[in-house]
Amino acid sequence: MAAINMLEKDVYELIAAGEVIERPASVIKELVENSIDAKASSIVIEIKDGGRTFMRVTDNGCGMSSDDVPTAFLRHATSKVRTKADLEKIITLGFRGEALASVCAVSKTELLTKRREDTLGTKYLIEASVKKEASSVGCPDGTSIIVRDLFYNVPARLKFLKKDTAEANRIQELVCRIALSHPQIAFRFIRDNRPVITTAGSGDLYAAVYSVLGRDLASTLIPVSYTNGGTAIDGFVSKPLLSRNNRRSQIFFVNGRSVSSTDVCSASLEEAYKNSIMTGKFPACVLMIRVPAESVDVNVHPAKTEIRFSDPRYVYDSVYFAVKDALAKNDRPTQMRLSKQKFYDERELYAPTEAPEPQQMTFEKSEPVEACGGDLFLNSLENASWAGVLAPKDSKNAAAARQTDGTNADAEPQISERVKPEQERFGQEKTESGLNDKAAKPETSGGYKFIRDEDFKKKAPEPQAQEQPEIPETPKPFVIGELFKTYIVAQCGEEMILIDKHAAHERYIFERIKKNRGELS
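Note that this note's numbering has the sequence shown beginning at 5, numbered continuously upward.
Now the structure itself:
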């Protein structure tokens, strides 16, 4: 076994810095938390090249005296904890005394600070934990820390950094979370000389959500306010209809601290949405959870990103009932208003199409004609569609009419006005052998035209009464309108049907492919 050696200061400081400073976002987190603990009301964060070459955090907090500046860069030096009893009730964000010592060990750090009661401020330069300069300068109240060339003395750590864009995105996400956790502080984030995030610091959480997360997400949120003993939960959750594809929009804060390990809170949130959102979808939220300081352990991870609850079930139930109560109060169905309202009943919606009434055959008196073939008369009667062709009348009246006109009662009957056009059209009788100029005389008696029984049955069957169609037992859907340009709203009896146009179109394509599967190669 090799001999045990004591590590040099520059070696163990690099190892310790690696536990706290993983990437540029870790530096920003530690510096911004110190600014918040310094009671700052305005914080400006500026980065360049993803934070790799330049990072600056400026605040208007209480500042530091010239005597405390060198001590602040020593390991295990802090103003938040004095005795071990303080570890059981931590109310500040920073307390381990490792932030500034870890930052200056892997970068070139410059500090400018001034208290309100001091005339001059202090400028302090330190590189790789080695003091370079300390002097008095004029500067505004508060503290400004500049970090240059991160990991310049640790090439192994530097080469594992991601691209500048990816690192800058991590910092921006971190600033968003911190800005949401403290809406009473005005934040400004400048990325490569371009302002990206700006909050007013009015103390209104919804205004901070609107500024940081955007209008689209803010417009889908409903407020949450719940108190259970020593636990208070405030914030916003999304409506079930507007859920997300992942959990990235679930943001939790415990006693003002942004935490990433929140299995208890996330599980209770999704349980409250059970049977309200589709499988595979996740709700979004911005929830501020306040619990007694002694009931939560924030000293689990060196970066203070993970926490533990002394009573996880109590926190689980509090979050569940807070979200469930908010959904019951605020997530009411949206009222639809149609520009042209019309109310329908079943008789109007589902009445069958009226069938045309059967036409009744009527008979007219025909004048005798010298020559009229029976087949010609049948053809005329067929083309007349049997409507209004013949009309029977009293034989005595017919005979009197012939005597009055001076016509012979034994004369051959004339073809009627409805038949004459057909006679003029044909002019001849069609036979199997050809066309004959002279047609056979039809049988007549008392002014009536007669048709052979077999021909009448063949040509003119008596119309049968049509049965009235019955109203179908299962009503058909009736389209009312469109909702959100996505869903078709239909009425089916006393039920409402919502049809997803996108899903219906996919189903149509699927059925068409199944139908034509034999033609596919």
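A virtual CB, placed ideally from N, CA and C, is assigned to each residue, including glycine.
All values derive from a computational prediction rather than experimental measurement.
Buried versus exposed, by CB contacts within 10 Å (16 or more), residue i
{"i": "residue 188", "result": "exposed"}
{"i": "residue 517", "result": "exposed"}
{"i": "residue 259", "result": "buried"}
{"i": "residue 170", "result": "exposed"}
{"i": "residue 219", "result": "exposed"}
{"i": "residue 292", "result": "buried"}
{"i": "residue 505", "result": "exposed"}
{"i": "residue 488", "result": "exposed"}
{"i": "residue 108", "result": "buried"}
{"i": "residue 80", "result": "exposed"}
{"i": "residue 163", "result": "exposed"}
{"i": "residue 37", "result": "buried"}
{"i": "residue 193", "result": "buried"}
{"i": "residue 102", "result": "buried"}
{"i": "residue 509", "result": "exposed"}
{"i": "residue 283", "result": "exposed"}
{"i": "residue 231", "result": "exposed"}
{"i": "residue 15", "result": "exposed"}
{"i": "residue 332", "result": "exposed"}
CB contact flag (residue i, residue j, <9 angstroms)
{"i": "residue 273", "j": "residue 238", "result": "no"}
{"i": "residue 29", "j": "residue 174", "result": "yes"}
{"i": "residue 146", "j": "residue 269", "result": "no"}
{"i": "residue 138", "j": "residue 73", "result": "yes"}
{"i": "residue 144", "j": "residue 118", "result": "yes"}
{"i": "residue 328", "j": "residue 276", "result": "yes"}
{"i": "residue 519", "j": "residue 496", "result": "no"}
{"i": "residue 312", "j": "residue 304", "result": "yes"}
{"i": "residue 315", "j": "residue 299", "result": "yes"}
{"i": "residue 330", "j": "residue 241", "result": "yes"}
{"i": "residue 97", "j": "residue 40", "result": "yes"}
{"i": "residue 326", "j": "residue 263", "result": "no"}
{"i": "residue 124", "j": "residue 106", "result": "no"}
{"i": "residue 502", "j": "residue 512", "result": "no"}
{"i": "residue 59", "j": "residue 154", "result": "yes"}
{"i": "residue 129", "j": "residue 114", "result": "yes"}
{"i": "residue 166", "j": "residue 27", "result": "yes"}
{"i": "residue 211", "j": "residue 202", "result": "no"}
{"i": "residue 318", "j": "residue 235", "result": "yes"}
Residue i in three-state terms, based on DSSP
{"i": "residue 115", "result": "strand"}
{"i": "residue 296", "result": "coil"}
{"i": "residue 289", "result": "strand"}
{"i": "residue 127", "result": "strand"}
{"i": "residue 38", "result": "helix"}
{"i": "residue 54", "result": "helix"}
{"i": "residue 481", "result": "coil"}
{"i": "residue 496", "result": "strand"}
{"i": "residue 369", "result": "Residue placement at residue 369 is flagged as unreliable, the pLDDT there being 49, under the threshold of 50; the coordinate-derived value follows with that caveat. Residue 369 falls in the coil class under three-state DSSP."}
{"i": "residue 49", "result": "strand"}
{"i": "residue 311", "result": "coil"}
{"i": "residue 73", "result": "helix"}
{"i": "residue 132", "result": "coil"}
{"i": "residue 203", "result": "coil"}
{"i": "residue 11", "result": "coil"}
{"i": "residue 394", "result": "Residue confidence for residue 394 is low, a pLDDT of 42 falling below 50, so the modelled location carries little weight; the figure read from the coordinates is stated next. In this structure, residue 394 counts as coil in the three-state DSSP scheme."}
{"i": "residue 83", "result": "coil"}
{"i": "residue 490", "result": "coil"}
{"i": "residue 164", "result": "coil"}
{"i": "residue 517", "result": "helix"}
{"i": "residue 442", "result": "Because residue 442 carries a pLDDT of 46, less than 50, the predicted location of this residue cannot be relied on, and no value is offered for it."}
{"i": "residue 317", "result": "helix"}
{"i": "residue 156", "result": "coil"}
beta-carbon residue i near the ligand SAM non-hydrogen atom, thresh 8 angstroms
{"i": "residue 60", "result": "By its list of ligands, the structure shown contains no ligand whatsoever, and the ligand SAM lies outside what it can speak to."}
Presumed contact (8 angstroms Cβ cut-off) between residue i and residue j, rounded CB distance
{"i": "residue 286", "j": "residue 247", "result": "6 angstroms"}
{"i": "residue 149", "j": "residue 35", "result": "6 angstroms"}
{"i": "residue 179", "j": "residue 191", "result": "7 angstroms"}
{"i": "residue 245", "j": "residue 216", "result": "About 23 angstroms; that fails the 8 angstroms criterion."}
{"i": "residue 334", "j": "residue 226", "result": "4 angstroms"}
{"i": "residue 110", "j": "residue 25", "result": "6 angstroms"}
{"i": "residue 172", "j": "residue 55", "result": "7 angstroms"}
{"i": "residue 49", "j": "residue 32", "result": "6 angstroms"}
{"i": "residue 255", "j": "residue 181", "result": "6 angstroms"}
{"i": "residue 261", "j": "residue 302", "result": "6 angstroms"}
{"i": "residue 527", "j": "residue 493", "result": "Only positions 5 to 525 of the chain appear in this structure, which leaves residue 527 out of reach."}
{"i": "residue 207", "j": "residue 45", "result": "Not a contact, Cβ separation roughly 10 angstroms."}
Residue-level contact to chain D via CB, residue i, 9 angstroms cutoff
{"i": "residue 333", "result": "Checking the listed chains, one finds no chain D in this structure; it contains a single protein chain."}
*Considering only residues of the segment 212 to 296, which uninterrupted beta strand (DSSP E) runs meet the minimum length of 3 residues and lie entirely inside it, listed in chain order?*
For the segment 212 to 296, whole beta strand (DSSP E) runs of length 3 or above, ordered along the chain, are 225 to 232, 235 to 242, 254 to 258 and 289 to 294.
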